[in-house]
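Q: Encoded as structure tokens, here's the structure I'll be asking about.
Written out as structure tokens, the structure reads:
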């Protein structure tokens with residue numbers, strides 16, 4: 014079987030995903046109403062849009078109003094639009110429970126403070142990188158980690174991320190390999206012995222892992238025993254799993270735009286763009302590849318009725334204070 018396990022190739026694929034996202038466009042708009050309800054719309058623009066094939070969760074059930082149209086600027090592109098009204102913002106989370114998809118989570122805290130009501134909205138796109146054996150925070154310096162969180166797009170920094178991806182691929186392969194050894198109990202291939210050869214395997218596996226057959230020969234040479242061939246089927250499965258995860262992972266590529274319209278005026282947000290009472294985030298899939306992307310916005314809406322009630326109360330107090338004086342006169 015000519016299944017490839019080639020770290021340089023996989024890193025190249027990841028680099029292509031993060032640097033050249035292609036023409037697929039995702040846009041999500043959420044309008045928060047003052048009573049806590051909301052209207053949410055998800056728009057995807059691509060050559061073809063098949064929600065079940067994409068790792069990003071695209072609404073497809075009939076509780077959403079769904080339509081497909083041709084893009085006005087390019088008739089070869091399909092625009093897929095799904096819209097739905099929610100009585101409660103937090104109930105949006107019920108739409109994103111599929112564990113095979115990128116995890117999304119929203120939350121709205123509403124605080125009544127007499128004259129004003131404060132709204133705190135948070136939306137999280139969870140990290141979807143399938144090989145998380147190494148925490149990114151431990152791999153990068155604190156400065157580099159902050160750069161990533163700030164959506165650094167420089168080529169020099171992306172080389173560091175590619176290196177992290179390569180390390181993560183290997184760690185996934187090696188951990189799965191050790192698990193397989195523990196199950197098979199081969200006398201001359203104990204987990205401790207293989208672990209002692211880890212650095213040697215890691216150093217040259219990218220040169221010998223182009224095909225499963227070559228990978229097996231390389232492992233036989235490094236480990237000094239042909240017993241490794243007893244694990245041929247298991248290693249094939251590990252390689253296949255890696256490629257399947259990468260294929261699924263690659264469907265997240267594209268550009269993303271998230272817009273949230275808040276009641277009242279916006280006080281604070283981590284969005285780079287604010288248009289009136291709307292916060293706008295624009296980013297590529299690479300930003301929430303390794304770490305969660307959290308978008309926050311706080312707004313304040315005036316409670317008109319409380320101003321009226323307060324005015325009436327103040328007026329009543331004034332009248333009650335002045336009226337006795339008029340009576341005495």
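Residue numbers (this note's numbering): 14 to 342. Yeah, the Cβ is synthetic: ideal placement off N, Cα and C, and Gly gets one too.
#1: Looking at the secondary structure, which residues open and close the alpha helix (DSSP H) in which residue 227 lies?
#2: To the nearest angstrom, how far is the alpha carbon of residue 241 from that of residue 215?
#3: Determine whether the beta carbon atoms of residue 40 and residue 52 lie at a separation below 7 angstroms.
#4: Whole angstroms is fine: what's the gap from residue 272's alpha carbon to residue 42's?
#5: What residue does the beta strand (DSSP E) around residue 311 start on, and which one ends it?
#6: Is residue 303 buried or exposed, if buried means 16 or more other CB atoms sit within 10 Å of its CB?
#7: So does the region 138-146 actually touch the region 279-289, counting three or more Cβ pairs closer than 8 angstroms?
#8: Could you spell out where the alpha helix (DSSP H) holding residue 205 opens and where it closes?
#9: Hey, how far is the Cα of residue 143 from the Cα of residue 263?
#10: Under the assumption that residue 190 contacts residue 147 (Cβ atoms under 8 angstroms), give the Cβ distance between them as a whole number of angstroms.
#11: Leaving out five residues before and five after residue 334 in sequence, what residues of the same chain have Cβ atoms less than 7 angstroms from its Cβ?
#12: Taking the straight line between their C-alpha atoms, what separation do you get for residue 113 and residue 68?
#13: Give me whichever residues DSSP pairs with residue 39 in a beta bridge.
#14: Could you check the C-alpha separation between residue 307 and residue 225 for me, to the nearest Å?
#15: Which residues in the same chain have their Cβ closer than 6 angstroms to the Cβ of residue 54, if we skip the five residues on either side of it in sequence?
#16: Could you give the DSSP three-state label for residue 93: helix, strand or coil?
#17: Where does the unbroken beta strand (DSSP E) through residue 280 begin, and where does it stop?
#18: Just to confirm, is the Cβ distance from residue 134 to residue 70 under 7 angstroms?
#19: With DSSP as the reference, label residue 199 as helix, strand or coil.
#20: What residues are listed by DSSP as bridge partners for residue 81?
#21: Within 8 angstroms, do at least three Cβ pairs link the region 268-283 to the region 245-259?
#22: Residue 266: buried (16+ other C-beta within 10 angstroms of its C-beta) or exposed?
#23: Tell me whether residue 37 is buried or exposed, calling it buried when 16 or more other Cβ atoms sit within 10 Å of its Cβ.
#24: Quick one, are the C-beta atoms of residue 92 and residue 105 less than 7 angstroms apart?
#25: Let me confirm a value: residue 294 is counted as buried when at least 16 other C-beta atoms fall within 10 Å, else exposed. Which label applies?
#26: Looking at the structure shown, is residue 294 part of a helix, part of a strand, or coil, going by DSSP?
#27: Can you tell me whether residue 164 is helix, strand or coil according to DSSP?
#28: Whole-angstrom Cβ separation of residue 100 and residue 50, contact assumed at under 8 angstroms?
#29: Taking the continuous alpha helix (DSSP H) assigned at residue 260, which residues delimit it?
#30: With respect to the beta strand (DSSP E) encompassing residue 132, which residues constitute its N-terminal and C-terminal limits?
#31: What does a CB cutoff of less than 6 angstroms around residue 59 pick up in its chain, not counting 5 residues either side in sequence?
#32: Taking only the alpha-carbon atoms, compute the straight-line gap between residue 90 and residue 80 and give it to the nearest angstrom.
#33: If you reduce the DSSP assignment to three classes, tell me which class residue 63 lands in.
#34: Please report the distance separating the alpha-carbon of residue 229 from that of residue 217.
#35: According to the Cβ coordinates, are residue 156 and residue 170 closer than 7 angstroms?
A: In short, the structure shows the following:
#1: Residue mapping note: residue 227 aligns to position 214 of the chain shown, counting from 1. Taken as a continuous stretch (DSSP letters only), the alpha helix (DSSP H) holding residue 227 covers 225-236.
#2: Along the chain shown, read from residue 1 onward, the residue named residue 241 stands at position 228. Along the chain shown, read from residue 1 onward, the residue named residue 215 stands at position 202. Between the alpha carbons of residue 241 and residue 215 lies a gap of roughly 17 angstroms.
#3: Within the chain shown, numbered from 1, the residue matching residue 40 stands at position 27. Within the chain shown, numbered from 1, the residue matching residue 52 stands at position 39. No.
#4: In the chain shown, the residue the question calls residue 272 occupies position 259. In the chain shown, the residue the question calls residue 42 occupies position 29. If you draw a straight line from the Cα of residue 272 to the Cα of residue 42, it is about 5 angstroms long.
#5: Within the chain shown, the letter at position 298 stands for residue 311. Start and end: 306-315.
#6: As a position in the chain shown, residue 303 is number 290, starting the count at 1. So residue 303 counts as buried.
#7: no
#8: On the chain shown, position 192 is the one that residue 205 refers to. Per DSSP, residue 205 belongs to the alpha helix (DSSP H) from 204-209.
#9: The residue labelled residue 143 in the question sits at position 130 within the chain shown. The residue labelled residue 263 in the question sits at position 250 within the chain shown. Their Cα atoms are separated by approximately 11 angstroms.
#10: To locate residue 190, count along the chain shown from 1; it is residue 177. To locate residue 147, count along the chain shown from 1; it is residue 134. Residue 190 to residue 147, Cβ: 16 angstroms. No contact.
#11: Position 321 of the chain shown, counted from the first residue, corresponds to residue 334. Here the set comprises nothing.
#12: Sequence index remark: in the chain shown, residue 113 carries index 100 (1-based). Sequence index remark: in the chain shown, residue 68 carries index 55 (1-based). Whole-angstrom Cα-Cα distance: 7 angstroms.
#13: Taking the first residue of the chain shown as 1, we reach residue 39 at position 26. Partner(s): 57 and 269.
#14: The residue given as residue 307 occupies position 294 in the chain shown. The residue given as residue 225 occupies position 212 in the chain shown. Going from the Cα of residue 307 to the Cα of residue 225 covers about 40 angstroms.
#15: The residue you call residue 54 lines up with position 41 of the chain shown. Result list for residue 54: 42 and 96, in chain order.
#16: Position 80 of the chain shown, counted from the first residue, corresponds to residue 93. DSSP places residue 93 in strand when its eight states are reduced to three.
#17: Numbered from its first residue, the chain shown carries residue 280 at position 267. From DSSP, the beta strand (DSSP E) with residue 280 extends over 278-282.
#18: Looking up residue 134 in the chain shown gives position 121. Looking up residue 70 in the chain shown gives position 57. Going by C-beta atoms, residue 134 is not nearer than 7 angstroms to residue 70.
#19: On the chain shown, residue 199 is found 186 positions in, with the first residue counted as 1. If DSSP states are grouped into helix, strand and coil, residue 199 belongs with coil.
#20: In the chain shown, residue 81 corresponds to position 68, counting from 1. Residue 81 pairs with 93.
#21: no
#22: As a position in the chain shown, residue 266 is number 253, starting the count at 1. Residue 266 should be labelled buried.
#23: Indexing the chain shown from 1 puts residue 37 at position 24. With 16 or more Cβ atoms within 10 Å of its Cβ, residue 37 is classed as buried.
#24: Position 79 of the chain shown, counted from the first residue, corresponds to residue 92. Position 92 of the chain shown, counted from the first residue, corresponds to residue 105. Cβ atoms of residue 92 and residue 105: not closer than 7 angstroms.
#25: The sequence position of residue 294 within the chain shown is 281, counting from 1. Buried.
#26: Here residue 294 refers to the residue found at position 281 when the chain shown is read from its first residue. Strand at residue 294.
#27: One-based indexing of the chain shown puts residue 164 at position 151. Coil at residue 164, not helix or strand.
#28: To locate residue 100, count along the chain shown from 1; it is residue 87. To locate residue 50, count along the chain shown from 1; it is residue 37. About 5 angstroms; that satisfies the 8 angstroms criterion.
#29: Reading the chain shown from its first residue, position 247 is the one you call residue 260. Residue 260 -> alpha helix (DSSP H) spans 245-263.
#30: Stepping through the chain shown from its first residue, residue 132 is reached at position 119. Counting along the chain, the beta strand (DSSP E) containing residue 132 begins and ends at 129-138.
#31: Residue mapping note: residue 59 aligns to position 46 of the chain shown, counting from 1. So the qualifying residues of the chain are 37.
#32: Start at 1 with the first residue of the chain shown, and residue 90 comes out as number 77. Start at 1 with the first residue of the chain shown, and residue 80 comes out as number 67. For residue 90 and residue 80, the distance between alpha carbons rounds to 14 angstroms.
#33: Against the chain shown, residue 63 aligns to sequence position 50. Residue 63 falls in the coil class under three-state DSSP.
#34: Numbered from its first residue, the chain shown carries residue 229 at position 216. Numbered from its first residue, the chain shown carries residue 217 at position 204. For residue 229 and residue 217, the distance between alpha carbons rounds to 13 angstroms.
#35: As a first step, residue 156 must be located in the chain shown, where it is residue number 143. As a first step, residue 170 must be located in the chain shown, where it is residue number 157. Cβ distance not < 7 angstroms, so residue 156 and residue 170 don't count as in contact.
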